[in-house]
Amino acid sequence: MIQSMTGFGKHVIQLPSKKITIEIKSLNSKSLDLNARMPSAYKEKELELRKTIASELVRGKVDFSLYVENTGSETSSVINEVVVRQYMKQLGAIAKVDEAQLLEMAIRMPDAMKTEREDIDEDEFIAIEKALEEALKEINIFRSEEGQVLDNDFVARIGTIKTLLSEVEVLDIDRLQTIRERLEKAVADLKVDLDANRFEQELIYYLEKYDITEEKVRLNNHLDYFLATLKSEDSNGRKLGFICQEIGREINTIGSKANFAPLQQVVVQMKDELEKIKEQMLNVL
485 MIQSMTGFGK
495 HVIQLPSKKI
505 TIEIKSLNSK
515 SLDLNARMPS
525 AYKEKELELR
535 KTIASELVRG
545 KVDFSLYVEN
555 TGSETSSVIN
565 EVVVRQYMKQ
575 LGAIAKVDEA
585 QLLEMAIRMP
595 DAMKTEREDI
605 DEDEFIAIEK
615 ALEEALKEIN
625 IFRSEEGQVL
635 DNDFVARIGT
645 IKTLLSEVEV
655 LDIDRLQTIR
665 ERLEKAVADL
675 KVDLDANRFE
685 QELIYYLEKY
695 DITEEKVRLN
705 NHLDYFLATL
715 KSEDSNGRKL
725 GFICQEIGRE
735 INTIGSKANF
745 APLQQVVVQM
755 KDELEKIKEQ
765 MLNVL
(Lines of atoms letter the chains of each structure in order from A and count residues from 1; the text may use other names and numbers.)
(Lines give C-alpha, C1' and ligand atoms only; values in the text may rest on other atoms or scores of the structure.)
Protein backbone atom coordinates (compact mmCIF):
# COMPACT_ATOMS: atom_id res chain seq x y z
CA MET A 1 0.00 0.00 0.00
CA ILE A 2 1.36 3.38 -0.97
CA GLN A 3 1.69 6.37 1.34
CA SER A 4 1.47 10.06 0.53
CA MET A 5 4.32 12.35 1.54
CA THR A 6 1.76 14.90 2.73
CA GLY A 7 0.91 14.59 6.40
CA PHE A 8 0.51 16.24 9.80
CA GLY A 9 0.97 14.97 13.34
CA LYS A 10 0.74 16.69 16.71
CA HIS A 11 1.05 15.63 20.33
CA VAL A 12 0.97 17.62 23.58
CA ILE A 13 2.32 16.54 26.96
CA GLN A 14 1.89 18.25 30.30
CA LEU A 15 4.81 18.00 32.71
CA PRO A 16 4.73 19.35 36.29
CA SER A 17 5.98 22.80 35.24
CA LYS A 18 5.98 22.69 31.44
CA LYS A 19 3.64 22.14 28.53
CA ILE A 20 5.48 20.62 25.56
CA THR A 21 3.95 20.52 22.08
CA ILE A 22 5.40 18.57 19.19
CA GLU A 23 4.23 19.18 15.62
CA ILE A 24 5.36 17.43 12.44
CA LYS A 25 4.19 18.27 8.95
CA SER A 26 5.49 17.01 5.62
CA LEU A 27 5.19 17.72 1.91
CA ASN A 28 6.64 16.00 -1.14
CA SER A 29 10.37 16.03 -1.85
CA LYS A 30 12.84 13.85 -3.77
CA SER A 31 14.63 12.97 -0.51
CA LEU A 32 14.32 13.63 3.21
CA ASP A 33 14.61 17.38 3.82
CA LEU A 34 14.20 17.83 7.57
CA ASN A 35 13.93 21.25 9.19
CA ALA A 36 13.89 21.30 13.02
CA ARG A 37 12.82 24.18 15.26
CA MET A 38 13.25 23.96 19.02
CA PRO A 39 14.45 26.05 21.98
CA SER A 40 18.23 26.32 22.22
CA ALA A 41 18.23 24.41 25.51
CA TYR A 42 17.04 21.30 23.64
CA LYS A 43 19.51 21.53 20.74
CA GLU A 44 21.83 18.95 22.32
CA LYS A 45 19.12 16.34 21.71
CA GLU A 46 18.41 17.40 18.14
CA LEU A 47 20.45 14.65 16.46
CA GLU A 48 18.62 11.93 18.40
CA LEU A 49 15.24 13.40 17.50
CA ARG A 50 16.26 13.77 13.84
CA LYS A 51 17.34 10.13 13.72
CA THR A 52 13.98 8.99 15.07
CA ILE A 53 12.07 11.11 12.54
CA ALA A 54 14.25 10.01 9.60
CA SER A 55 13.74 6.32 10.41
CA GLU A 56 9.95 6.74 10.31
CA LEU A 57 9.29 9.23 7.51
CA VAL A 58 12.07 8.28 5.02
CA ARG A 59 11.21 10.93 2.39
CA GLY A 60 9.56 14.32 2.18
CA LYS A 61 10.10 17.94 3.15
CA VAL A 62 9.54 17.65 6.89
CA ASP A 63 9.09 20.48 9.39
CA PHE A 64 9.55 19.42 13.02
CA SER A 65 8.68 21.88 15.77
CA LEU A 66 9.08 21.53 19.53
CA TYR A 67 7.39 24.22 21.62
CA VAL A 68 7.93 24.61 25.37
CA GLU A 69 5.62 26.67 27.59
CA ASN A 70 6.45 27.18 31.26
CA THR A 71 3.31 26.62 33.32
CA GLY A 72 4.92 26.62 36.78
CA SER A 73 6.21 29.42 38.95
CA GLU A 74 9.79 28.84 37.90
CA THR A 75 11.30 30.83 35.06
CA SER A 76 14.66 30.62 33.35
CA SER A 77 14.65 34.32 32.42
CA VAL A 78 16.06 36.87 34.90
CA ILE A 79 16.75 40.60 34.77
CA ASN A 80 20.28 41.43 33.65
CA GLU A 81 20.79 43.99 36.45
CA VAL A 82 24.17 45.32 35.32
CA VAL A 83 22.94 46.00 31.81
CA VAL A 84 19.68 47.58 32.99
CA ARG A 85 21.51 49.97 35.35
CA GLN A 86 23.83 51.02 32.53
CA TYR A 87 20.84 51.73 30.33
CA MET A 88 19.18 53.78 33.09
CA LYS A 89 22.36 55.81 33.59
CA GLN A 90 22.68 56.58 29.88
CA LEU A 91 18.98 57.36 29.48
CA GLY A 92 19.04 59.58 32.59
CA ALA A 93 21.77 61.69 30.96
CA ILE A 94 19.51 62.24 27.95
CA ALA A 95 16.00 62.51 29.42
CA LYS A 96 15.00 64.31 32.62
CA VAL A 97 12.50 61.74 33.97
CA ASP A 98 12.08 59.84 37.23
CA GLU A 99 13.64 56.43 37.92
CA ALA A 100 10.39 54.52 37.37
CA GLN A 101 10.20 55.80 33.81
CA LEU A 102 13.90 55.13 33.24
CA LEU A 103 13.42 51.55 34.43
CA GLU A 104 10.42 51.10 32.14
CA MET A 105 12.50 52.24 29.15
CA ALA A 106 15.61 50.27 30.11
CA ILE A 107 13.79 46.97 30.55
CA ARG A 108 12.72 47.13 26.88
CA MET A 109 16.27 47.47 25.61
CA PRO A 110 18.29 44.58 24.12
CA ASP A 111 19.85 42.13 26.60
CA ALA A 112 17.83 43.56 29.49
CA MET A 113 16.72 39.99 30.20
CA LYS A 114 19.01 36.99 30.22
CA THR A 115 18.09 33.34 30.04
CA GLU A 116 19.94 30.89 32.18
CA ARG A 117 20.62 27.61 30.40
CA GLU A 118 18.68 24.66 31.72
CA ASP A 119 19.88 21.09 31.53
CA ILE A 120 17.26 18.71 30.14
CA ASP A 121 16.04 16.32 32.76
CA GLU A 122 16.29 12.66 31.63
CA ASP A 123 12.67 11.96 32.54
CA GLU A 124 11.64 15.03 30.56
CA PHE A 125 13.49 13.83 27.47
CA ILE A 126 11.92 10.36 27.76
CA ALA A 127 8.52 12.09 27.81
CA ILE A 128 9.51 14.11 24.71
CA GLU A 129 10.56 10.93 22.90
CA LYS A 130 7.20 9.30 23.67
CA ALA A 131 5.38 12.42 22.47
CA LEU A 132 7.43 12.32 19.26
CA GLU A 133 6.45 8.68 18.73
CA GLU A 134 2.77 9.61 19.08
CA ALA A 135 3.12 12.52 16.64
CA LEU A 136 4.85 10.20 14.17
CA LYS A 137 2.00 7.69 14.50
CA GLU A 138 -0.47 10.48 13.69
CA ILE A 139 1.42 11.68 10.64
CA ASN A 140 1.80 8.11 9.33
CA ILE A 141 -1.95 7.55 9.69
CA PHE A 142 -2.50 10.81 7.80
CA ARG A 143 -0.05 9.70 5.09
CA SER A 144 -1.75 6.31 4.77
CA GLU A 145 -5.19 7.89 4.40
CA GLU A 146 -3.87 10.27 1.74
CA GLY A 147 -2.13 7.30 0.10
CA GLN A 148 -5.46 5.47 -0.17
CA VAL A 149 -6.95 8.46 -1.99
CA LEU A 150 -4.02 8.42 -4.43
CA ASP A 151 -4.33 4.64 -4.83
CA ASN A 152 -8.00 4.96 -5.80
CA ASP A 153 -7.16 7.69 -8.30
CA PHE A 154 -4.34 5.66 -9.89
CA VAL A 155 -6.52 2.55 -10.24
CA ALA A 156 -9.27 4.59 -11.90
CA ARG A 157 -6.89 6.28 -14.35
CA ILE A 158 -5.07 3.06 -15.25
CA GLY A 159 -8.51 1.56 -15.85
CA THR A 160 -9.29 4.45 -18.20
CA ILE A 161 -6.06 3.86 -20.14
CA LYS A 162 -6.95 0.16 -20.42
CA THR A 163 -10.37 1.11 -21.82
CA LEU A 164 -8.70 3.43 -24.32
CA LEU A 165 -6.30 0.61 -25.26
CA SER A 166 -9.35 -1.52 -26.08
CA GLU A 167 -10.47 1.28 -28.39
CA VAL A 168 -7.03 1.18 -30.00
CA GLU A 169 -7.53 -2.55 -30.65
CA VAL A 170 -10.80 -1.86 -32.45
CA LEU A 171 -9.46 1.08 -34.46
CA ASP A 172 -6.34 -0.83 -35.44
CA ILE A 173 -8.42 -3.31 -37.45
CA ASP A 174 -9.50 -0.59 -39.87
CA ARG A 175 -6.33 1.50 -39.61
CA LEU A 176 -3.97 -0.60 -41.73
CA GLN A 177 -6.66 -1.21 -44.34
CA THR A 178 -7.25 2.55 -44.55
CA ILE A 179 -3.51 3.21 -44.94
CA ARG A 180 -3.32 0.49 -47.61
CA GLU A 181 -6.20 1.96 -49.59
CA ARG A 182 -4.69 5.44 -49.31
CA LEU A 183 -1.36 4.24 -50.75
CA GLU A 184 -3.00 2.25 -53.53
CA LYS A 185 -5.03 5.30 -54.55
CA ALA A 186 -1.92 7.51 -54.50
CA VAL A 187 -0.09 5.08 -56.78
CA ALA A 188 -3.10 4.73 -59.08
CA ASP A 189 -3.26 8.50 -59.43
CA LEU A 190 0.30 8.44 -60.79
CA LYS A 191 -0.99 6.44 -63.78
CA VAL A 192 2.19 4.43 -64.24
CA ASP A 193 2.70 0.73 -64.91
CA LEU A 194 3.98 -1.18 -61.89
CA ASP A 195 5.01 -4.74 -61.17
CA ALA A 196 2.07 -5.92 -59.06
CA ASN A 197 4.13 -8.45 -57.08
CA ARG A 198 6.90 -5.97 -56.34
CA PHE A 199 4.35 -3.35 -55.33
CA GLU A 200 2.66 -5.81 -52.97
CA GLN A 201 5.99 -6.70 -51.38
CA GLU A 202 6.89 -3.04 -50.85
CA LEU A 203 3.42 -2.35 -49.52
CA ILE A 204 3.65 -5.17 -46.98
CA TYR A 205 7.09 -3.95 -45.88
CA TYR A 206 5.74 -0.41 -45.51
CA LEU A 207 2.70 -1.53 -43.49
CA GLU A 208 4.89 -3.63 -41.18
CA LYS A 209 6.63 -0.41 -40.11
CA TYR A 210 3.26 0.84 -38.86
CA ASP A 211 2.35 -2.35 -37.03
CA ILE A 212 1.69 -1.66 -33.33
CA THR A 213 0.98 -5.19 -32.10
CA GLU A 214 4.12 -5.33 -29.90
CA GLU A 215 3.45 -1.89 -28.45
CA LYS A 216 -0.13 -2.85 -27.53
CA VAL A 217 1.04 -6.03 -25.80
CA ARG A 218 3.83 -4.25 -23.90
CA LEU A 219 1.54 -1.40 -22.89
CA ASN A 220 -1.03 -3.79 -21.50
CA ASN A 221 1.71 -5.64 -19.58
CA HIS A 222 3.04 -2.36 -18.13
CA LEU A 223 -0.47 -1.36 -17.00
CA ASP A 224 -0.94 -4.72 -15.26
CA TYR A 225 2.50 -4.41 -13.66
CA PHE A 226 1.65 -0.93 -12.38
CA LEU A 227 -1.51 -2.22 -10.67
CA ALA A 228 0.33 -5.22 -9.21
CA THR A 229 3.13 -3.00 -7.89
CA LEU A 230 0.59 -0.59 -6.43
CA LYS A 231 -0.72 -3.38 -4.17
CA SER A 232 2.68 -4.85 -3.27
CA GLU A 233 4.42 -4.29 0.07
CA ASP A 234 7.48 -2.70 -1.57
CA SER A 235 5.40 -0.23 -3.58
CA ASN A 236 6.90 3.26 -3.68
CA GLY A 237 6.83 6.41 -5.76
CA ARG A 238 10.18 5.84 -7.46
CA LYS A 239 9.30 2.34 -8.68
CA LEU A 240 5.87 3.40 -9.89
CA GLY A 241 7.49 6.38 -11.59
CA PHE A 242 9.78 4.08 -13.58
CA ILE A 243 6.78 2.03 -14.72
CA CYS A 244 5.05 5.25 -15.78
CA GLN A 245 8.04 6.05 -17.98
CA GLU A 246 7.65 2.69 -19.73
CA ILE A 247 3.91 3.23 -20.15
CA GLY A 248 4.60 6.63 -21.68
CA ARG A 249 7.19 5.18 -24.05
CA GLU A 250 4.71 2.67 -25.49
CA ILE A 251 1.93 5.25 -25.80
CA ASN A 252 4.28 7.62 -27.64
CA THR A 253 5.37 4.87 -30.03
CA ILE A 254 1.75 3.97 -30.80
CA GLY A 255 1.09 7.65 -31.50
CA SER A 256 4.11 8.00 -33.80
CA LYS A 257 3.07 4.92 -35.77
CA ALA A 258 -0.65 5.67 -35.83
CA ASN A 259 -0.88 7.62 -39.11
CA PHE A 260 -4.63 7.51 -38.52
CA ALA A 261 -6.54 10.46 -37.03
CA PRO A 262 -9.10 8.51 -34.91
CA LEU A 263 -6.28 6.48 -33.33
CA GLN A 264 -4.17 9.57 -32.66
CA GLN A 265 -7.10 11.14 -30.82
CA VAL A 266 -7.28 8.13 -28.50
CA VAL A 267 -3.52 8.35 -27.93
CA VAL A 268 -3.93 11.99 -26.84
CA GLN A 269 -6.50 10.89 -24.26
CA MET A 270 -4.14 8.19 -22.98
CA LYS A 271 -1.34 10.74 -22.64
CA ASP A 272 -3.64 13.07 -20.71
CA GLU A 273 -4.50 10.35 -18.19
CA LEU A 274 -0.84 9.39 -17.81
CA GLU A 275 0.21 13.01 -17.18
CA LYS A 276 -2.36 13.25 -14.38
CA ILE A 277 -0.91 10.07 -12.85
CA LYS A 278 2.63 11.51 -13.07
CA GLU A 279 1.53 14.72 -11.35
CA GLN A 280 0.06 12.77 -8.43
CA MET A 281 3.05 10.43 -8.40
CA LEU A 282 5.26 13.27 -7.18
CA ASN A 283 3.49 13.03 -3.82
CA VAL A 284 3.91 9.27 -3.36
CA LEU A 285 6.41 8.13 -0.74
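Residue numbering for the sequence shown follows this note's numbering, beginning at 485 and increasing consecutively.
Beta carbons are placed, not taken as given, at the ideal position from N, Cα and C, and that holds for glycine.
Taking the Cα of Asn624 as reference, the smallest distance to any Cα among Tyr694, Lys741, Lys494 and Asp756 is reached at Lys494. Counting along the chain, the unbroken alpha helix (DSSP H) around Ile731 starts and ends at Gly721 to Ala742. Residue range Lys502 to Leu511 is occupied by the beta strand (DSSP E) that includes Thr505. The Cβ-Cβ distance between Thr490 and Ser513 does not fall below 8 Å. When Met597, Phe638 and Gln661 are compared, the shortest CA-CA separation from Gln764 is found for Phe638. Closest by C-alpha distance to Glu734, out of Lys503, Leu714 and Thr697, is Thr697. Annotation for Thr713: Ser719, Lys723, Leu724 and Ile727 place their beta carbon closer than 7 Å to its own, counting only its chain and skipping 5 residues before and after. Distances from the CA of Gly576 to each of Glu565, Met589 and Asn564 were compared; the closest alpha carbon is that of Met589. In the DSSP assignment, Met489 forms no beta bridge with any residue. Less than 8 Å divides the Cβ of Val652 from the Cβ of Val750. The C-alpha of Phe744 lies about 28 Å from the C-alpha of Phe710. Distance check between Ile486 and each of Ser740, Phe626 and Leu660 places Phe626 closest, using alpha-carbon atoms only. According to the DSSP assignment, Arg534 belongs to the alpha helix (DSSP H) that extends over Glu530 to Leu541.
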